[in-house]
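Position 239 of the sequence shown, counted from 1, bears residue number 239 in the UniProt record's numbering, the numbering being contiguous throughout. Beta carbons: idealized from backbone N, C-alpha and C, even for Gly.
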Amino acid sequence: MSEQIEDQATGLRRMVNPEPVRVIAVTGGKGGVGKTNISANLGVALQELGRRVMLLDADMGLANLDVVLGLHAEHNLSHVMRGESSLEDIIVTGPKGMKVVPGASGMQHMAEMSRAENAGLIHAFSEVANDVDVLLIDTAAGISDLVISFSRAAQEQIVVVCDEPASITDAYAIIKLLNREHGISRFRILANMVKSVQEGRDLYNKMCRVTDQYLDVMLSYMGSIPFDEQLRKAVKSQKPVVEAFPRSRVAQAFKNLAKKADNWPVPTGVSGDLQFFVERLIQFSSQNGE
């Protein structure tokens, strides 16, 4: 009984003083760099640390997070936007209790939403804000208006890069666009599929040399994810590697990254509110759609 009272008291405190929500966008420009796997595994690893994680599949063209996690989603974000479902109705429970919001496949332009749809979406996210500590956004490939809108609205930008020319070029392109057009000056670089720790560090240094020469930005090195066959096996079994092979090198890397992310400064004030994030997202989408 005492535990139930304590849970109720905690819930009431959150209603009066909601905890700030950390909003993290995972991007990279190029497709095939592993953004979805990184989003899924980072989310599960944060959930294991005791954080209440919501993972949003923001690929409105080819949403596939539910497939990667082996989840079955009957409804998605488009049903919420049209007022046919509540956000709670479409949320799928993922590994370790992580909440997953399935993306709205085929819906490319949030800027085309009506005012009623905008208001509904803001209200939907504000209703679940008290039950979320971290919102992770798995963005689409490329640098579409929607990718830019999600990245601008987030507080943190993780840019995923692999050691190949196309990936480096595309990562630089999205950093340049977000910096020059939208004033974002701080990015976290995550090296993926590296053969060694040093390769990851070298890749980060490569990015720094280019950005230092042409842009006024601050890159920080988040770390690296090793190339590991266990990850490929986990993908085939539709499970996150941190759950399927928790002792593997790649799973340990995700757990270390989650600890780093958990220690990032917590947002303060209105910018830490989920409703504020959605308001900004819609505002930026409208600007891009003009």
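Under 9 Å, do Asp202 and Gly28 count as touching if we go by C-beta distance? no
Just to confirm my understanding: we take Phe284, look at its own chain, exclude 5 residues before and 5 after, and list those with CB closer than 7 Å. What are they? Ser149, Arg152 and Ala153
Do we get a CB-CB distance below 9 Å when we pair Lys255 with the residues of chain C? Of the protein chains in this structure there is only one, and it is not chain C.
Tell me Val134's beta-bridge partners as DSSP assigns them. Arg22 and Val53
Could you give the residue range of the beta strand (DSSP E) that holds Pro226? Met218 to Pro226
Endpoints, the alpha helix (DSSP H) within which Phe254 is located: Arg249 to Asp262
When burial is assigned at 16 or more other CB atoms within 10 Å of the CB, is Arg232 buried or exposed? exposed
Name the residue from Leu135, Leu71 and Asp66 whose alpha carbon lies nearest to the alpha carbon of Gln47. Leu135
Enumerate in chain order the residues of its own chain whose CB-to-CB distance from Glu127 is below 8 Å, with the five nearest sequence positions on each side excluded. Ser86, Leu87 and Glu88
Quick one: what's got a C-beta closer than 7 Å to Met98's C-beta in the same chain, skipping five residues either side? Gly43, Val44, Gln47, Val53 and Leu55
Best match in Ala244, Pro165 and Tyr221 for proximity to Ile158 [C-alpha to C-alpha]: Tyr221
Leu157 - partner residues in DSSP beta bridges: For the record, residue 157 in the displayed sequence is Gln; it is not Leu. Per DSSP, Ala25.
How would you label Asn205, buried or exposed, when you count the other beta carbons within 10 angstroms and need 16 or more for buried? exposed
Residues of its chain near Val266, where Cβ-Cβ distance is below 6 Å and the 5 sequence neighbours each way are ignored: Pro20
Whole runs of the alpha helix (DSSP H) within the stretch 66-100, excluding any shorter than 4 residues: 77-81 and 87-90
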